[in-house]
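Numbering (this note's numbering), first residue to last: 144 to 228. Just so it is clear, CB atoms sit at the ideal spot from N, CA and C, and this is done for glycine as well.
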Amino acid sequence: MVAISDAERMYEMTMQNPVTKNLFVWLKRMKLRRFRPERIRNDLANGYVVAEILSRFFPAQISTHSFDLAIHTKAKLDNWKQLKK
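Structure follows, in structure tokens:
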């Protein structure tokens, strides 16, 4: 697991890339419940943030209430299986 200070350092380095910076601005404007730029790897790993983004564009097909915010492997795999459907 990456320490918070390391995560913050990685975030600062990532924000120097204009494409990444624009992506983070877009994600922040979406006002996602789970998105934290300094913890992007963790937040994206379990599929919940991806599900939340897709639910904004495809609300009839994806509902975030069926996704788990947990960090254990089984929950991550279940979330990604749901997204593949």
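Exercise. Under a Cβ-count criterion, where at least 16 other Cβ atoms within 10 Å of its own Cβ denotes burial, should Asn165 be classed as buried or exposed?
Worked result: exposed
For this session: Return helix, strand or coil for Gln159, following the three-state DSSP convention.
Result: coil
Exercise. Could you give the distance in angstroms between the alpha-carbon of Phe210 and the alpha-carbon of Thr163?
Worked result: 26 Å
Problem set entry | Complete runs of the alpha helix (DSSP H) confined to the stretch 166–200 [at least 4 residues] | 183–188 and 191–200
Problem set entry | Exposure label - Asn189; buried when at least 16 CB within 10 Å | buried
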